[in-house]
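Heads up, the thing below is written out as structure tokens.
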Amino acid sequence: LFVLGFCTNLHLSQTPKHILALTNSKTKILCELKNEHVGVYWYRWSQERQRFEFLVFSNPMGKATYSTNISQGKFSVHGENSHTSYSLHINHLHPSDNGTYYCSISQSSQLFLGTGTQLHVVDVLPLSPKTTQAPLSRKPTQCVTKSKAAEKKGVCSPLVWVPLAFGILVLLLSLVPTAYRLHRLRRRLWLRIHRQ
């Protein structure tokens with residue numbers, strides 16, 4: 001798949017897919033690579049500006065090269081235990097950091113993008129509705145698998161069988177006149193051949 005001159009790739013995956021964070025807090029995005037590479041690029045897609053922004057490149061030795069307008073205190077990249085896992089740390093979060101963050105590798109003169117992580121920075125986290133936990137039942141519940149449910153109901157429900165049977169009946173009824181006509185044509189042909 002091509003996305004604005006970039007390619008998405010199954011060789012890169014990112015976690016988490018979504019981050020909701022408070023202003024002035026920090027967060028981390030993990031990028032997993034299938035194979036070792038010479039380094040990882042990090043980009044941000046800004047919905048507001050409608051463009052990709054290069055943030056930082058990190059090689060396997062841990063040396064980072066930052067974009068000219070990016071401060072080193074804001075973004076940092078860390079290798080996680082191997083040359084196939086990198087994390088982007090974002091500090092002092094601000095609403096201007098909102099966007100979709102992509103890790104990327106360069107291969108055969110193309111940039112391959114990861115799966116993307118959406119970051120949304122807010123001043124106050126939304127309240128989650130209160131949930132009450134149901135009391136635990138001492139009696140074990142019985143799970144019904146799909147195959148057991150199918151055994152109880154039969155293979156197909158009447159909603160499938162009735163239209164199917166009707167369709168077969170219509171097909172058979174339409175074959176009767178066709179068979180009769182073919183029989184008449186065959187008989188005429190037989191009569192012509194035997195008269196000559």
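Numbering (full-length UniProt numbering), first residue to last: 1 to 196. All C-beta atoms in this analysis are idealised placements derived from N, C-alpha and C, irrespective of residue type, glycine included.
Which whole-angstrom value is the C-beta distance of Y102 and Y43, which I expect to be below 8 angstroms? Against the sequence shown, residue 102 aligns to sequence position 102. Against the sequence shown, residue 43 aligns to sequence position 43. Sure, about 5 angstroms apart at Cβ, within 8 angstroms.
Outcome for F52 when other beta-carbon atoms lying within 10 angstroms are tallied against a minimum of 16: The residue you call residue 52 lines up with position 52 of the sequence shown. Classification for F52: buried.
Pick from S96, V40 and Y180: whose alpha carbon is nearest that of V122? Working through the sequence shown from its first residue, we reach residue 122 at position 122. Residue nearest to V122 within the set S96, V40 and Y180 is S96 (criterion: CA-CA distance).
What does the Cβ neighbour count give for G62, buried or exposed, with the cut at 16 atoms within 10 Å? Locating residue 62 in the sequence shown gives position 62, where the first residue counts as 1. When all chains shown are included, G62 counts as exposed.
Under 7 angstroms between C-beta atoms of S67 and F54: Counting from one through the sequence shown, the residue named residue 67 turns up at place 67. Counting from one through the sequence shown, the residue named residue 54 turns up at place 54. Closer than 7 angstroms, so yes.
Bridge partners - V56, DSSP secondary structure assignment: Residue mapping note: residue 56 aligns to position 56 of the sequence shown, counting from 1. Paired residues: W42 and Y66.
Buried or exposed by the 16-neighbour rule on C-beta atoms within 10 Å, applied to F193: The sequence position of residue 193 within the sequence shown is 193, counting from 1. This sequence places Ile at residue 193; Phe is not what is there. Exposed: under 16 other Cβ atoms inside 10 Å.
Can you give the Cα-Cα distance for L4 and L113, rounded to whole angstroms? Numbered from 1 along the sequence shown, position 4 holds the residue referred to as residue 4. Numbered from 1 along the sequence shown, position 113 holds the residue referred to as residue 113. Any reading at L4 must be qualified, since the residue scores a pLDDT of 42, below 50, and its modelled position is unreliable; the value itself is stated next. Roughly 11 angstroms between the two C-alpha positions.
Using DSSP with H/G/I as helix, E/B as strand and the rest coil, what is T141? Counting from 1 along the sequence shown, the entry for residue 141 is found at position 141. For T141, the predicted structure reports a pLDDT of 41, less than 50, and the residue's modelled location is therefore unreliable. The matter cannot be settled from this model.
7 angstroms Cβ shell around G39 - same chain, five flanking residues per side excluded: On the sequence shown, position 39 is the one that residue 39 refers to. If we look at G39 and ignore the five residues flanking it on each side, its Cβ neighbours are F57, S58, N59 and P60.
Buried or exposed: which applies to Y41, given that a residue is buried once 16 or more other Cβ atoms fall within 10 Å of its Cβ? Counted from its first residue, the sequence shown places residue 41 at position 41. So Y41 ends up on the buried side.
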